[in-house]
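Below: the structure, in structure tokens.
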Amino acid sequence: MNSNYQTSNNCNKQLARCYVPIQVMNRVYSSREALRRGTLFPELYRPYTPAEKERRGNYYG
Amino acid sequence: MWIYEKRLQYPVRVYSTNPTLAAMIIEQFGGADGELSAGIRYLSQRWSMPTGKAKALLTDIGTEELAHWEIIGTLVYKLTKDATIDEIKGTPFEAHYVNHGKGLHPHDASGVPWIAAYINTKGDPVADLHENMAAEEKARATYEWLINISDDPGVIDTLRFLREREVVHFQRFGEALRSVQEHMESKKYY
Amino acid sequence: MDRDQMDLLVEIMEEHFVVLETALYLDNQPDDQNALRLHNESSRRYHQLLEMYETRYGPLRNTSMSDYPWGYVDDPWPWDVDFTNY
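Protein chains in written order, with our numbering: chain A, -5 to 55; chain B, 252 to 441; chain C, 554 to 639.
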């Protein structure tokens, strides 16, 4: 059971540790687009959408 | 050593006079999860980071946060600079005004002044980087609450920019944590 | 501030932003050649733009040169620039 748990977790990763995936630079926005969006990297662009705003705005009443 | 460029990082637009909104935005000027906290926190932690990469990242993000502090101050300034006394009276900004006039003072939306207890340098790089990741998420959430209550499109646009920066900073601190963890692991075996 | 000056100022903001984003990326991944190439190209453009701006409109840094009298103290200060019509 323990060994299955290890492999399914794809691990050289340890318990009680935090792992953020490493970004690899690929495509980039133009300088104009980048400043407008707040990041050079499309994979890091995570806007606060109207739908989410609606949900969060109403969530706590 | 710090160099200052006499310009904002981002073209900040404010279309309205709104002391109430200014009194909320000031949360990111002098509040617990605001830009001043972020800047001082990261810049203070530099001395006890074990790698040049971590020192560089904390220096660079800490410096960027001070540029954001300047943007928040600018939002408050633009929202209040043309406000008449009648426009200020009866708003949350009145409490700020009786102490500070239209000047800028680091306190939060409730008027609580900034304090170093908002930040920590634990001197433990793994703990410090986790603190930073948490700080970025808290700042991101605060910007979402501020976007929810704002009605000025220029202010919202600026808040969106600042919020996206928190997402990117979280990623960078997460990557630094991986690197620092590996570094500390490798030092155990000699 | 006239349109030409504002255009140049925003261009500086845009180019600097690329320089900053690549710098933060490189702080974690100094060995990424693509990132370093983009950083250096952007850095060169950014410094050119900054020099161009300062030559035309006066110093943005207290380390820069100035015509007489010392222009660094002049308006506008960053929080007074009005971008609403930009």
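Ideal Cβ placement from N, Cα and C applies to all residues, glycine included.
TODO: Give the residues from the region 593 to 622 of chain C that approach chain A closer than 9 Å (Cβ to any Cβ), ordered along the chain.
DONE: Ser595, Arg598
Open item on the list: In the DSSP assignment, the alpha helix (DSSP H) including B/Ser213 goes from what residue to what residue?
Closed with: Limits of chain B in this structure are 252 at one end and 441 at the other, which puts residue 213 of chain B out of reach.
TODO: Identify every run of the beta strand (DSSP E) within the region 279 to 355 of chain B, keeping only runs that are complete inside it and at least 3 residues long; order them along the chain.
DONE: none
Task: 6 Å CB neighbourhood of B/Gln260 in its chain, flanking five on each side removed - done: Sequence index remark: in the second sequence, residue 260 of chain B carries index 9 (1-based). Within the same chain, and ignoring the five residues on either side of B/Gln260 in sequence, the residues whose Cβ sits closer than 6 Å to its Cβ are Ala318.
Open item on the list: Classify B/His347: buried if its beta carbon has 16 or more other beta carbons within 10 angstroms, exposed otherwise.
Closed with: Walking along the second sequence from the start, residue 347 of chain B turns up at place 96. Buried, by the Cβ-count rule.
Open item on the list: Just to confirm my understanding: we take B/Arg414, look at its own chain, exclude 5 residues before and 5 after, and list those with CB closer than 6 Å. What are they?
Closed with: One-based indexing of the second sequence puts residue 414 of chain B at position 163. So the list reads Arg391, Tyr394, once near-sequence residues are dropped.
Open item on the list: Between B/Lys340, B/Leu355, B/Thr372, which has its C-alpha nearest B/Trp365's C-alpha?
Closed with: Your numbering for residue 365 of chain B matches position 114 in the second sequence. Nearest option by C-alpha distance: B/Leu355.
TODO: For the alpha helix (DSSP H) holding B/Thr268, just list the boundary residues, first then last.
DONE: Within the second sequence, residue 268 of chain B is the residue found at index 17, counting from 1. That residue, B/Thr268, is in no alpha helix (DSSP H); it is neither H nor E in DSSP.
TODO: Could you tell me the distance, in whole angstroms, from the CA atom of C/Asn587 to the CA atom of B/Val349?
DONE: Position 34 of the third sequence, counted from the first residue, corresponds to residue 587 of chain C. Position 98 of the second sequence, counted from the first residue, corresponds to residue 349 of chain B. Taking the straight line from one Cα to the other gives about 54 Å.
Open item on the list: Run through chain D and tell me which residues come within less than 8 Å of B/Leu428, C-beta to C-beta.
Closed with: Annotation note: the requested chain D is absent from the structure, which comprises protein chains A, B and C.
Open item on the list: Along the region 19 to 35 of chain A, where does the CB come closer than 8 Å to a CB of chain C? Name the residues.
Closed with: Met19, Val22, Ser25, Arg26, Ala28, Leu29, Thr33, Leu34, Phe35
Task: Cβ neighbours of C/Glu564 in the same chain (closer than 7 Å, five flanking residues each side left out) - done: Stepping through the third sequence from its first residue, residue 564 of chain C is reached at position 11. Result list for C/Glu564: Leu602, in chain order.
TODO: Starting from B/His358, follow its DSSP beta bridges and name the residues at the other end.
DONE: Within the second sequence, the letter at position 107 stands for residue 358 of chain B. B/Pro364, per the DSSP bridge assignment.
- [ ] Thinking B/Ala360 and B/Ala274 are a contact (beta carbons under 8 Å), I'd like their distance in whole angstroms, please.
- [x] Working through the second sequence from its first residue, we reach residue 360 of chain B at position 109. Working through the second sequence from its first residue, we reach residue 274 of chain B at position 23. Confirmed, Cβ separation roughly 6 Å.
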